[in-house]
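Q:
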């Protein structure tokens, strides 16, 4: 147990996800030995993160003003919305450069055991975005796990009657793997989603 | 290193790409184990360790947490159940109940394990209403855990029924002489449905109407919460059809 400020920093760092007491201690002593300018830059970035970053009024992606970069970009296709669980999923999809529409960040997935139900996500706001008839396609890009699947099926049930095209990201075999290692669920999905190979 | 089979009750993110998987196993009761790299899309575990999946496992014993080294699917119930919201919310209540009824890790609970596998299989089969499957599982899992609901005779004096008052703290139906303050009047049809569910009489249970099922469901939920002492997180999200 250290005294005063050093222990305070260790305690604060130890609150972060994935940082145990030993890691917190190592980071604290690294900061103590680091160049003061580097530490000031880190401190100012952390302060700015809390003070300036907020959530987009339309899609709930992280933003530095009322609207995020994507919602305020007139070149993005307003007829297509890709629904994701977290802001980091937006970054993952943007890296593909395949999607030119807009996003909607739910803020998680339905997980009753974790105490998260549909009302705890930005589902009502998504339905409100569809009211003016501009959007014609919804792409459900929630995680390919049980919670993500349930969230997608719940959304499909809510949005389906509105007459939009509702699609789900394909799931199946990952590139770079061997077929024999695939589990029954993944392989079954790959069969369901098989496509014609043109000659 | 040891082998067992188990049902995945719950998963929680751990470190960069791992998960802590809570399972109810056939021989070792409730076990928590780390599945390394399972959150990567290229993980060899794939969908094998998703909630509601019945798996054949190989585990490595650790100091505080075991590690899953191999997993093979015996029944991918979770993936099927997740296709329909009402079934999924029923399964979530079943999984959380199984976890709560096994308060200590590594205490074998074979009858509960078998009930859970049977309940998930029936839910995934889709042939019976999810709310009835859930209530049957809850009544029977409470019974095998020592909290059986008395339905045929008075829970307090043993006077043979039928009785039309039910006391949750008393442990079931109560006769007019024993009826404590706060006992609720219950319709004979609801008591009959509860008995059918407890004894596995599906023909009788499925002949019940929606109003009776709602009444019975409310009694089961109140009885469950009373014995678990702490509220189930999944229960408010249950969609009864």
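Chains as they are written, first to last, in the numbering used here: chain A, 17 to 215; chain B, 991 to 1231.
All C-beta atoms in this analysis are idealised placements derived from N, C-alpha and C, irrespective of residue type, glycine included.
In terms of alpha-carbon separation, which member of 1192/B, 1198/B, 1167/B and 1057/B lies closest to residue 1178/B?
A: Residue mapping note: residue 1178/B aligns to position 188 of the second chain, counting from 1. Cα-wise, what sits closest to residue 1178/B is 1198/B.
Q: Taking Cβ-Cβ distances below 7 Å as the criterion, which residues of the stretch 1075–1099 of chain B are in contact with chain A?
A: Those residues of the stretch 1075–1099 of chain B that come within reach of chain A (Cβ to Cβ, closer than 7 Å) are 1075, 1078, 1079, 1082, 1085 and 1086.
Q: Residues of the stretch 149–170 of chain A in Cβ contact with chain B at a cutoff of 7 Å, in chain order, please.
A: Under the 7 Å Cβ criterion, the stretch 149–170 of chain A contributes 161, 162, 165, 166, 169 and 170.
Q: Quick check on DSSP: helix, strand or coil for residue 995/B?
A: Here residue 995/B refers to the residue found at position 5 when the second chain is read from its first residue. Reduced to three states, the DSSP call for residue 995/B is strand.
Q: Within 10 angstroms of the Cβ of residue 169/A, are there 16 or more other Cβ atoms? Answer buried if so, exposed if not.
A: Locating residue 169/A in the first chain gives position 153, counting from the first residue. It is buried - the Cβ of residue 169/A has at least 16 other Cβ atoms within 10 Å.
Q: In chain B, what lies closer than 7 Å to residue 198/A by C-beta?
A: For the purposes of this step, residue 198/A is identified with residue 182 of the first chain, where counting begins at 1. Near residue 198/A (Cβ distances below 7 Å), the residues of chain B are 1036.
Q: Interface residues of chain B around residue 202/A at Cβ under 7 Å?
A: Along the first chain, read from residue 1 onward, the residue named residue 202/A stands at position 186. Simply 1036 and 1037.
Q: So does the stretch 1166–1175 of chain B actually touch the stretch 1121–1140 of chain B, counting three or more Cβ pairs closer than 8 Å?
A: Segments in contact, no.
Q: Count the other CB atoms within 10 Å of the CB of residue 125/A; is the residue buried (16 or more) or exposed (fewer)?
A: Sequence index remark: in the first chain, residue 125/A carries index 109 (1-based). The residue in question, residue 125/A, is buried, as its Cβ has 16 or more Cβ neighbours within 10 Å.
Q: Determine the direct distance from the alpha carbon of residue 1039/B to that of residue 1065/B, and round the result to whole angstroms.
A: Against the second chain, residue 1065/B aligns to sequence position 75. Against the second chain, residue 1039/B aligns to sequence position 49. Rounded to the nearest angstrom, the two C-alpha atoms are 11 Å apart.
Q: Shorter than 8 Å from the beta carbon of residue 1073/B to some beta carbon of chain A?
A: Your numbering for residue 1073/B matches position 83 in the second chain. Chain A, which has a Cβ nearer than 8 Å to the Cβ of residue 1073/B, makes this yes.
Q: At the level of alpha carbons, what is the spacing between residue 113/A and residue 154/A?
A: As a working note, residue 113/A is residue 97 in the first chain. As a working note, residue 154/A is residue 138 in the first chain. The straight-line gap from Cα to Cα measures roughly 18 Å.
Q: Touch check for the stretch 1042–1060 of chain B and the stretch 1015–1034 of chain B: three-plus C-beta pairs under 8 Å?
A: Touching, yes, given that three or more Cβ pairs across the two stretches are closer than 8 Å.
Q: So residue 129/A contacts chain B; which residues on that side make the cut at Cβ distance below 7 Å?
A: Taking the first chain and counting its residues from 1, the one referred to as residue 129/A is at position 113. Correct list: 1000, 1082, 1085, 1086, 1223 and 1224.
Q: Examine the Cβ distances between the stretch 1126–1144 of chain B and the stretch 1097–1113 of chain B and report whether three or more of them are shorter than 8 Å.
A: Yes, since at least three Cβ pairs between the stretch 1126–1144 of chain B and the stretch 1097–1113 of chain B fall closer than 8 Å, the two stretches touch.
Q: So for residue 1008/B, helix, strand or coil by DSSP?
A: Along the second chain, one-based indexing puts residue 1008/B at 18. DSSP places residue 1008/B in strand when its eight states are reduced to three.
Q: For a test of the three-state rule: what should DSSP assign to residue 1084/B, helix, strand or coil?
A: As a working mapping, residue 1084/B is identified with position 94 in the second chain. Residue state, collapsed to three classes: helix.
Q: Answer with yes or no whether the minimum CB distance from residue 111/A to chain B is below 8 Å.
A: If you number the first chain from 1, residue 111/A lands on position 95. No, residue 111/A does not count as interfacial toward chain B.
Q: For residue 31/A, report the span of its alpha helix (DSSP H) as first-last.
A: The residue labelled residue 31/A in the question sits at position 15 within the first chain. No alpha helix (DSSP H) contains residue 31/A, which DSSP labels as neither H nor E.
Q: Which value, in whole angstroms, describes the spacing of the CA atoms of residue 119/A and residue 103/A?
A: What you label residue 119/A is simply residue 103 of the first chain in a count that begins at 1. What you label residue 103/A is simply residue 87 of the first chain in a count that begins at 1. Using only the alpha carbons, I get a separation of about 9 Å.
Q: Can you tell which of 1033/B, 1031/B and 1001/B has its C-alpha closest to the C-alpha of residue 1042/B?
A: Position 52 of the second chain holds residue 1042/B. Checked all of 1033/B, 1031/B and 1001/B; the closest Cα to residue 1042/B is 1001/B.
Q: Determine whether the Cβ of residue 1032/B lies closer than 8 Å to any Cβ atom of chain A.
A: As a first step, residue 1032/B must be located in the second chain, where it is residue number 42. Closer than 8 Å to some Cβ of chain A, the Cβ of residue 1032/B qualifies, so yes.
Q: Do residue 1067/B and residue 1110/B have their beta-carbon atoms positioned less than 8 Å apart in this structure?
A: Start at 1 with the first residue of the second chain, and residue 1110/B comes out as number 120. Start at 1 with the first residue of the second chain, and residue 1067/B comes out as number 77. Taking 8 Å as the Cβ cut-off, residue 1110/B and residue 1067/B qualify as a contacting pair.
Q: Can you tell me the Cα-Cα spacing of residue 1096/B and residue 999/B, whole angstroms?
A: Taking the first residue of the second chain as 1, we reach residue 1096/B at position 106. Taking the first residue of the second chain as 1, we reach residue 999/B at position 9. Going by the C-alpha atoms only, they are around 15 Å apart.
Q: Which residue from 1138/B, 1141/B, 1140/B and 1080/B puts its Cα closest to that of residue 1113/B?
A: For the purposes of this step, residue 1113/B is taken as residue 123 along the second chain, with counting starting at 1. Ranking the options by Cα distance to residue 1113/B, first place goes to 1080/B.
Q: Could I get the ranges of all uninterrupted alpha helix (DSSP H) runs contained in the stretch 1096–1123 of chain B, with 4 residues as the minimum, in chain order?
A: If we require 4 residues or more, the alpha helix (DSSP H) runs fully inside the stretch 1096–1123 of chain B come out as 1100–1115.
Q: So which residues of chain B does residue 173/A contact, with C-beta pairs closer than 8 Å?
A: The sequence position of residue 173/A within the first chain is 157, counting from 1. Residues of chain B passing the Cβ test: 1075.
Q: Take every Cβ of the stretch 51–61 of chain A, pair it with every Cβ of the stretch 81–92 of chain A, and state whether three or more of those distances are shorter than 8 Å.
A: Touching, no, given that fewer than three Cβ pairs across the two stretches are closer than 8 Å.
Q: What beta strand (DSSP E) runs, 3 residues minimum, are completely inside the stretch 110–177 of chain A?
A: Counting only runs of 3 or more, we get 117–121 and 153–156.
Q: Quick check: residue 1005/B and residue 1030/B, are their CB atoms within less than 8 Å of each other?
A: Reading the second chain from its first residue, position 15 is the one you call residue 1005/B. Reading the second chain from its first residue, position 40 is the one you call residue 1030/B. The answer is no: Cβ separation not under 8 Å.
Q: Could you check the C-alpha separation between residue 1191/B and residue 182/A for me, to the nearest Å?
A: Position 201 of the second chain holds residue 1191/B. Position 166 of the first chain holds residue 182/A. If I take the Cα positions, the gap works out to 41 Å.
Q: By the DSSP assignment, the beta strand (DSSP E) with residue 1220/B in it spans what residues?
A: Taking the first residue of the second chain as 1, we reach residue 1220/B at position 230. Here residue 1220/B belongs to no beta strand (DSSP E), and DSSP marks it neither H nor E.
Q: Helix, strand or coil for residue 51/A per DSSP?
A: For this step, residue 51/A is matched to residue 35 along the first chain. Correct three-state label for residue 51/A: coil.
Q: Compute the beta-carbon to beta-carbon distance between residue 209/A and residue 188/A, rounded to the nearest angstrom, for a pair I have assumed lies under 8 Å.
A: As a working note, residue 209/A is residue 193 in the first chain. As a working note, residue 188/A is residue 172 in the first chain. About 5 Å separates the two Cβ atoms, so the contact holds.
Q: On the DSSP letters alone, give me the boundaries of the beta strand (DSSP E) that residue 188/A sits inside.
A: Residue 188/A sits at position 172 when you count from the first residue of the first chain. No beta strand (DSSP E) contains residue 188/A, which DSSP labels as neither H nor E.
Q: Flag this pair as touching only if the stretch 1138–1157 of chain B and the stretch 1181–1190 of chain B have three or more C-beta atom pairs under 8 Å; answer yes or no.
A: Yes, they touch.
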